[in-house]
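**Student:** Be aware that the sequence shown starts at 1, since it is given in the UniProt record's numbering, and climbs by one per residue. This is the structure, below, for whatever I ask next.
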Amino acid sequence: MLITFEGIDGSGKSTQAREIHNALSLAGLKVRLSREPGATPLGEEIRKILLSDSVPVGNLAELLLFLADRAQHVQDVLRPSRSSGEILLVDRFTDATTAYQGYGMGHPLPLIETLHKTILQDIEPFRTFLLDIDPLAASERIRKRGEKKNRIEERGLEFFRNVRNGYLELAKQNPHRFCVLDATLPREELTRSILKDLEPRLLAHPADRRAGG
Numbered sequence: 001m002l003i004t005f006e007g008i009d010g011s012g013k014s015t016q017a018r019e020i021h022n023a024l025s026l027a028g029l030k031v032r033l034s035r036e037p038g039a040t041p042l043g044e045e046i047r048k049i050l051l052s053d054s055v056p057v058g059n060l061a062e063l064l065l066f067l068a069d070r071a072q073h074v075q076d077v078l079r080p081s082r083s084s085g086e087i088l089l090v091d092r093f094t095d096a097t098t099a100y101q102g103y104g105m106g107h108p109l110p111l112i113e114t115l116h117k118t119i120l121q122d123i124e125p126f127r128t129f130l131l132d133i134d135p136l137a138a139s140e141r142i143r144k145r146g147e148k149k150n151r152i153e154e155r156g157l158e159f160f161r162n163v164r165n166g167y168l169e170l171a172k173q174n175p176h177r178f179c180v181l182d183a184t185l186p187r188e189e190l191t192r193s194i195l196k197d198l199e200p201r202l203l204a205h206p207a208d209r210r211a212g213g
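Okay, here's the thing in structure tokens:
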């Protein structure tokens with residue numbers, strides 16, 4: 001079962017992915033946490049290039065690097081995970097590319113969709129949690145962390161407004177898959193909301209997802 005966490009930089013999606021992983025692990029479920037980019041040795045090298053401000057990366061090259069990372073991730077992590085019957089939580093997946101490279105950078109959406117079909121084939125998320133937040137508030141969160149912004153985080157508010165709008169459009173197009181959450185809510189409240197949403201879906205799924213099962 002593939003569950004994805006999406007949102008603009010500073011939305012708190014990575015925090016929620018970790019919190020849900022911890023909660024499901026404590027509940028005795030067979031669960032794994034992964035991310036894009038960077039979940040494989042190749043992906044980690046791609047991640048360094050994508051986030052570095054010292055390596056020039058063109059817009060098309062950026063798109064293809066994200067997709068190369070995803071292709072390796074599908075081969076090395078997603079397919080084995082599905083075969084093992086575990087719950088796989090992924091911090092960013094296909095919707096991130098559509099939102100960032102499509103709505104944000106202006107690459108044709110049909111191109112991204114076609115490339116995703118080639119890479120994913122029969123793999124698709126079971127549930128996607130979108131942590132929605134205004135880009136200005138997200139930028140302030142990043143500033144308060146005291147960390148230097150990476151190359152993508154340095155892009156302006158207009159870029160992130162387009163990305164956010166892209167995410168919301170994807171959620172509108174796929175209401176059966178998306179759960180949109182107000183990312184400004186307290187962390188614990190968000191975690192409870194996600195677990196409440198997941199509980200009936202996990203119970204309804206026929207596979208045995210107990211650790212050691």
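All C-beta atoms in this analysis are idealised placements derived from N, C-alpha and C, irrespective of residue type, glycine included.
#1: Considering only the beta carbon of each residue, do leucine 170 and alanine 96 sit closer than 8 Å?
#2: I need the straight-line Cα distance from methionine 105 to lysine 196, nearest angstrom please.
#3: Between which two residues does the alpha helix (DSSP H) carrying isoleucine 142 extend?
#4: Taking all protein chains shown into account, do 16 or more other C-beta atoms lie within 10 angstroms of the C-beta of lysine 117, making it buried, or fewer, making it exposed?
#5: Can you list, in chain order, the residues of its chain whose CB lies under 7 Å from that of arginine 201, leaving out five sequence neighbours each side?
#6: According to the neighbour-count rule (16 or more other Cβ atoms, all chains shown, within 10 Å of its Cβ), is valine 139 buried or exposed?
#7: Using DSSP with H/G/I as helix, E/B as strand and the rest coil, what is glutamate 62?
#8: Quick one: what does DSSP say isoleucine 20 is sitting in, helix, strand or coil?
#9: Are isoleucine 87 and threonine 191 closer than 8 Å when you measure CB to CB?
#10: With distances taken between CB atoms, is the gap from phenylalanine 93 to proline 135 smaller than 8 Å?
#11: Quick check: the Cα distance between serine 54 and glutamate 154, rounded to an integer number of angstroms?
#12: Bridge partners for serine 34 per DSSP, in chain order?
#13: Under 6 Å Cβ to Cβ from leucine 131, same chain only, skipping five residues before and after it: list those, please.
#14: Which of the three DSSP states is assigned to histidine 8 in this structure?
**Tutor:** The structure says:
#1: Not in contact: leucine 170 and alanine 96 (Cβ atoms no closer than 8 Å).
#2: Between the alpha carbons of methionine 105 and lysine 196 lies a gap of roughly 35 Å.
#3: Run containing isoleucine 142: 135 to 145, per the alpha helix (DSSP H) assignment.
#4: With fewer than 16 other Cβ atoms inside 10 Å of its own Cβ, lysine 117 counts as exposed.
#5: Only Arg127 meet the Cβ criterion.
#6: The sequence as given places serine at residue 139; valine does not occur at that position. Serine 139 is buried by the Cβ-count criterion.
#7: Glutamate 62 sits in a helix when the DSSP states are folded into three classes.
#8: Helix at isoleucine 20.
#9: No, the pair does not count as a contact, with Cβ atoms beyond the cut-off.
#10: No; because the gap between Cβ atoms is not below 8 Å, this pair is not in contact.
#11: When rounded, the distance between both Cα atoms is 13 Å.
#12: BP columns for serine 34 point to Val90.
#13: Here the set comprises Gly7, Ser11, Gly12, Lys13, Leu181, Ala183.
#14: The question names histidine, but residue 8 in the sequence shown is isoleucine. In the structure shown, isoleucine 8 sits in coil (DSSP, three-state: anything other than H, G, I, E or B).
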